[in-house]
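This report concerns only the one structure given below.
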Amino acid sequence: MAVNAVKAHLITLKAHKNRLARTSMREMFAEDAKRFKRFSIAWDRLLFDYSKHRLDERSLAALLDVAKTAGVKARRDAMFSGKIINATEGRAVLHTALRAPSGELIEFDGRNVMADIAAVRRAMTRFANAVRSGRYKVGGGAITDVVNIGIGGSSLGPAMAARALAPWHNGPKTHFVSNVDAADLAEVFKVIRPETTLFIIASKTFTTQETMRNAATARAWLRRKLKRKDVGAHFAALSTSLDKTRKFGIADERTFGFWDWVGGRYSVWSAIGLSVMIAIGPKRFGEFLDGAHEADTHFRTADYGANIPVVMALLGVWYRNVWGFETHAVLPYDNRLARFPAYLQQLEMESNGKRVMMDGRAVSTDTGAILWGEPGTDGQHAFYQLIHQGTSVIPCDFLIAAKSNDRLSGHHELLVANCLAQSEALMTGRTLGEAKAELAAAGLSAAEVKRLAPHKVFEGNRPSTTFLYERLDPKMLGTLIALYEHKVFVQGVLWGINSFDQWGVELGKVLANDLIPMVRGKKPAGRKDASTAGLLAAYHRKKR
Ligand code: G6Q
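Using the working numbering, you'd call the opening residue of the sequence shown number 1122 and step up by one each time.
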């Protein structure tokens, strides 16, 4: 029977919350000179500072107890060793094998999966090198542009990573098309030349409606622009479904496989990463994998109290289930991590947006938080107002590099100062007395001070974590992603849910297929609800 370990500890955790509700972080920092040291983990190239949380040693110990009693270790070992932990789909969950050293023995179904992984990696490397060097030639010569066509897990990872690792790009330009909205592909068509473009069709199942539509449109576009016999060489495929890639007309030697034990949102480490490998080269792609493997080792070996993903998971549970905060913001002070929040949105919300436990019973506590975010400093000039003074408390993750990847002087110090200032302001706030004193010092009349002071008060005591890393390079990116992956995993175990299925996306797909003939005007709305039928009728009227 599935267990919700958080639920089992809720009374104890709430008692800690009630105790802590009477004090503020500001006071806790004043009382404890060692607070920063006590509540931060200095690991390898990364400092994880979680001292600005509503947490003391006793409440942290209570949270660590949840992890200890939830069976995290057993389930972690089951995942790493290839047990079928994705029970609703009958699958193992082995994305960690994709970044493990090739000498390791990891078995699934009586096969050493490491040999299969190495074979695909070699094929990807050969192809990536040939494309990058210009040895792979199409009608127009060497490839200048690579377009990854895929959606969800077959797009977000490579698109996010390609953007994050732009300073390492020394291959063809990369583009990502995911949306079935023609606008997505149309904009890319404007900037590529058919003669020198490679389309990578990334789809595990090779049936996804949006991807198949975009792939067919790309093929038709090439057929119009090139000689028909030349078109095939402009396609590669990333898929587990060889019969379907063949049917589409993509040669086996340009089809790179993966396995059903790689979940879509965990697939950037597999063949799905090919566009990134082509952009930055196999060596740098290897460093990306190494960074993730280091996080895997950390997750497997560090004590829970010094284990970054375990602490991340517990903080998430602490706020979601005990304090009742519904959302969580990820705020990278790293412009190239602009798509990181969107990537994490899928990772966390698709994995842990569940309402039943493994055994089908209702989960009885809240699960995955609503994750959102944008890069700082832009966000500061937009939505941070609500984070500072709104009525909702939003725990934040700040991410910042010590070293910039860009040589333009005078920027990075400002970026760092802004990042640190935000977490400081959220934590310390500004009391009414301080607000009044500041206004008085600025020369305002007593009446004006009284009128304006309430607006200038910052409640403070608002929680945040800061990830301070050396530099955003391929290895660091791999590490950061894997830390969040394991956070999600731990939370899934704590809530007793399956983080590796996504049935919630099915119904919309089924209904979209049902609606297509009605949208095309080939079938009446039939027994659709009045709103859907009304919208369809209005659509048909308006498009005339
Ligand atoms: C991820 C999901 C989902 C999936 C896409 C694309 O975990 O399963 O986002 O990646 O629906 O699926 P295909 O790769 O099969 O086209």
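All C-beta atoms in this analysis are idealised placements derived from N, C-alpha and C, irrespective of residue type, glycine included.
- Distance check between Val-1267 and each of Gly-1599, Ser-1362, Thr-1317 places Thr-1317 closest, using alpha-carbon atoms only.
- Looking at Leu-1465, Met-1479, Thr-1422, Pro-1516, the one whose alpha-carbon comes closest to that of Gly-1445 is Pro-1516.
- Take the alpha-carbon of Lys-1643 and the one of Asp-1635: they are about 12 Å apart.
- Distance from the CA atom of Thr-1338 to the CA atom of Gly-1384, rounded to whole angstroms, is 27 Å.
- Taking non-hydrogen atoms of ligand 1 into account, the C-beta of Ile-1272 is found less than 7 Å away from one of them.
- Within the same chain, Cβ atoms closer than 6 Å to the Cβ of Arg-1375 are found at Ala-1357, the five residues on either side in sequence being excluded.
- Taking a cut-off of 8 Å for Cβ pairs, the segment 1133–1141 and the segment 1174–1190 touch, as three or more such pairs fall below it.
- Boundaries of the beta strand (DSSP E) around Trp-1164: 1161–1164.
- With contacts defined as CB atoms closer than 8 Å, Gly-1617 and Met-1478 qualify as a contacting pair.
- Rounded to the nearest whole angstrom, the C-alpha separation of Gly-1481 and Ala-1123 is 9 Å.
- Contact between the segment 1583–1590 and the segment 1536–1556 is present: three or more C-beta pairs spanning the two stretches fall below 8 Å.
- Comparing alpha-carbon positions, the option among Asn-1335, Leu-1553, Gly-1489 lying closest to Asp-1305 turns out to be Asn-1335.
- With respect to the C-alpha of Thr-1361, the residue from Ala-1154, Lys-1350, Asp-1351, Asp-1373 having the closest C-alpha is Asp-1373.
- Residue state for Asp-1594 is assigned as coil, using DSSP reduced to three classes.
- Here Phe-1157 is exposed: its Cβ has fewer than 16 other Cβ atoms, across all protein chains shown, within 10 Å.
- At a Cβ-Cβ threshold of 8 Å, Pro-1222 and Glu-1408 do not count as neighbours.
- Relative to Val-1397, the option among Phe-1420, Thr-1498, His-1290, Phe-1310 whose CA is nearest is His-1290.
- Just so you know, the alpha carbons of Ser-1299 and Ser-1276 end up roughly 7 Å apart.
- Secondary structure of Tyr-1464 (DSSP, three-state): helix.
- For Trp-1493, there is no enclosing alpha helix (DSSP H); the residue is found in the beta strand (DSSP E) stretching over 1491–1493.
- Bounds of the alpha helix (DSSP H) holding Asn-1634 are 1627–1640.
- Distance from the C-beta of Thr-1209 to the nearest heavy atom of ligand 1 is not below 7 Å.
- In the three-state scheme derived from DSSP, where H, G and I count as helix and E and B as strand, Glu-1580 is classed as coil.
- Separation of Trp-1342 and Gly-1599 (C-alpha to C-alpha, rounded to the nearest whole angstrom) is 35 Å.
- Here the alpha carbon of Gly-1564 sits roughly 28 Å from the alpha carbon of Gln-1501.
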